[in-house]
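Chemist: With the numbering used here applied, the sequence shown corresponds to residues 240 to 551, in that order.
Following this message is one structure expressed as structure tokens.
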Amino acid sequence: MNIMPSPDTLQSLVDDTYRQFKTLPGGENASYIPYLASVPSDLAALVIVTANGEIYQAGDSDYGFAIESISKVATLALLMEDVGPEIVREKIGAEPTGLPFNSVMALCEHQDKPLSPLVNAGAMASVSLLNATDPENRWARILDMQRRMTAGSIMLSDEINESEQTTNFHNRGIAWLLYAAGNCFCDPMEACDVYTRQCSTLVTCKDLAVMSATLANRGMNPLSSEQIIAAQNVAPVLAEMTMEGLYDYSGDWAFEVGLPGKSGVGGGVLAVAPGKLGIAAFSPPLDESGNSVRAQRMIAHVAKKLNLNLYT
240 MNIMPSPDTL
250 QSLVDDTYRQ
260 FKTLPGGENA
270 SYIPYLASVP
280 SDLAALVIVT
290 ANGEIYQAGD
300 SDYGFAIESI
310 SKVATLALLM
320 EDVGPEIVRE
330 KIGAEPTGLP
340 FNSVMALCEH
350 QDKPLSPLVN
360 AGAMASVSLL
370 NATDPENRWA
380 RILDMQRRMT
390 AGSIMLSDEI
400 NESEQTTNFH
410 NRGIAWLLYA
420 AGNCFCDPME
430 ACDVYTRQCS
440 TLVTCKDLAV
450 MSATLANRGM
460 NPLSSEQIIA
470 AQNVAPVLAE
480 MTMEGLYDYS
490 GDWAFEVGLP
500 GKSGVGGGVL
510 AVAPGKLGIA
520 AFSPPLDESG
530 NSVRAQRMIA
540 HVAKKLNLNL
550 YT
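What follows is the structure, given as structure tokens:
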């Protein structure tokens, strides 16, 4: 097992990596959600949080941006706690789709059953399967889980939510397809509405690094010392992240970086080195798969320098 470097060495690595990749060219902001198109494209950040709570950061690490699909990790963790890994696998799935994260074709090819909780169809199914008494209770439980996993005061952004709720017609169609096939477990428009809200919270790169470190620390948040997720439920979450965390680039990510990861079209990416640390990076310009160009390179560089690849 490789030994982690000294604090000074880790901070130097974060600083050097940030400087090397913060202006890397390529990619464009997501444009199909108006709010995301307006975020300054020159923003960038990199944060490491260790399993014992040490924080190393550089760049715009306290800038609040849309969590987007990284919210699926928190909801998945909550669902694992509610129903257990086997029911998640049975009702939602644990396979990559090989298609874009909002693909209707992926649903149609599998009798309108989602293959993964980390694509839009599976994420809405996950929201619908949570234990909840009504829509507001369903939403409150998800927001609470995001806050507990990050030890942060995460809030819904009304601006982002309005921008997304008024453009989410594609997701509404997916929700109805799920419902028609018996794969949406509450009212489909409730599932879509709450899912849209969970994607519309504001987080910082530091928040995402703490979320990642919580998974690295067997479900215990290293800042709050609260056991957020039962230790036995962490491995299934990481397995789902390995399969579909970076959408149709997930296999290449595993090949190159060798860590479970998750991206969001808001520009965030996180990766988990089990037992060691969490890494998060942020920059808005995305590649064709919907993953931040700069954030991917920063995390890949850190993982290589620290020899974190799980398969080596």
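Every residue, glycine too, gets a C-beta built ideally from N, C-alpha and C.
1. If distances are taken between C-alpha atoms only, which option among G529, P523, S528 and G500 comes closest to G517?
2. Would you please state the rounded distance, in angstroms, between the beta carbons of N472 and P324? I believe it to be under 8 Å.
3. In the DSSP assignment, what residue or residues form a beta bridge with E267?
4. Which residue marks the beginning of the alpha helix (DSSP H) containing A455, and which one marks its end?
5. Grab me the residues of L509's own chain with a C-beta within less than 6 Å of its C-beta, minus the 5 sequence neighbours each way, in chain order.
6. Would you kindly report the start and end of the unbroken beta strand (DSSP E) that includes V286?
7. Can you tell which of V327, S251, Q259 and V312 has the C-alpha that lies nearest to the C-alpha of M384?
8. Identify the continuous alpha helix (DSSP H) that holds G490 and give its terminal residues.
9. Return the CA-CA distance between L545 and D491, expressed in angstroms with no decimal places.
10. Just to confirm, is the Cβ distance from A276 to K261 under 9 Å?
11. When burial is assigned at 16 or more other CB atoms within 10 Å of the CB, is F304 buried or exposed?
12. Identify, in the order they occur along the chain, each residue of the same chain with its Cβ nearer than 6 Å to the Cβ of M537, setting aside the five sequence neighbours on each side.
13. Does the distance from the CB of D351 to the CB of A430 come in under 9 Å?
14. Please classify F408 as buried or exposed, where buried requires at least 16 other C-beta atoms within 10 Å of its C-beta.
15. Using the three-state DSSP reduction, which class does S300 fall into: helix, strand or coil?
16. Along the chain, where does the alpha helix (DSSP H) that runs through G507 open and close?
17. Using the Cα positions of D392 and W378, report the straight-line distance between them to the nearest angstrom.
18. Quick one: residues in its chain with C-beta nearer than 8 Å to the C-beta of D432, no 5 flanking neighbours on either side, listed in chain order?
19. Which first and last residues belong to the beta strand (DSSP E) in which G500 is found?
20. Is the number of C-beta pairs between the stretch 452-459 and the stretch 472-489 that are closer than 8 Å three or more?
21. Between Y295 and K515, what straight-line distance do the alpha-carbon atoms span, to the nearest angstrom?
22. Is the beta carbon of S528 closer than 9 Å to that of Y486?
23. From M240 to T248, what distance separates their C-alpha atoms?
24. Roughly how many angstroms separate the alpha carbons of L317 and I468, rounded to a whole number?
25. When the Cα atoms are used, what is the spatial distance from V442 to S300?
26. So, for I381: in the same chain, excluding its five sequence neighbours on each side, which residues have a beta-carbon less than 6 Å away from its beta-carbon?
Modeler: Taking the geometry as given:
1. G500
2. 6 Å
3. L525
4. C444 to A455
5. L447, S451, K501 and A519
6. A284 to T289
7. V312
8. S489 to E495
9. 19 Å
10. no
11. buried
12. T256, F260, L285 and A520
13. no
14. exposed
15. coil
16. Per DSSP, G507 belongs to no alpha helix (DSSP H); it is in the beta strand (DSSP E), G507 to A512.
17. What sits at residue 392 in the sequence shown is Ser, not Asp. Going by the C-alpha atoms only, they are around 15 Å apart.
18. P374 and Q404
19. G500 to S502
20. yes
21. 14 Å
22. yes
23. Residue placement at M240 cannot be trusted, given a pLDDT of 49 that sits under 50; what the coordinates show is reported in the next sentence. Computed Cα separation, rounded: 18 Å.
24. 8 Å
25. 10 Å
26. T314 and Q437
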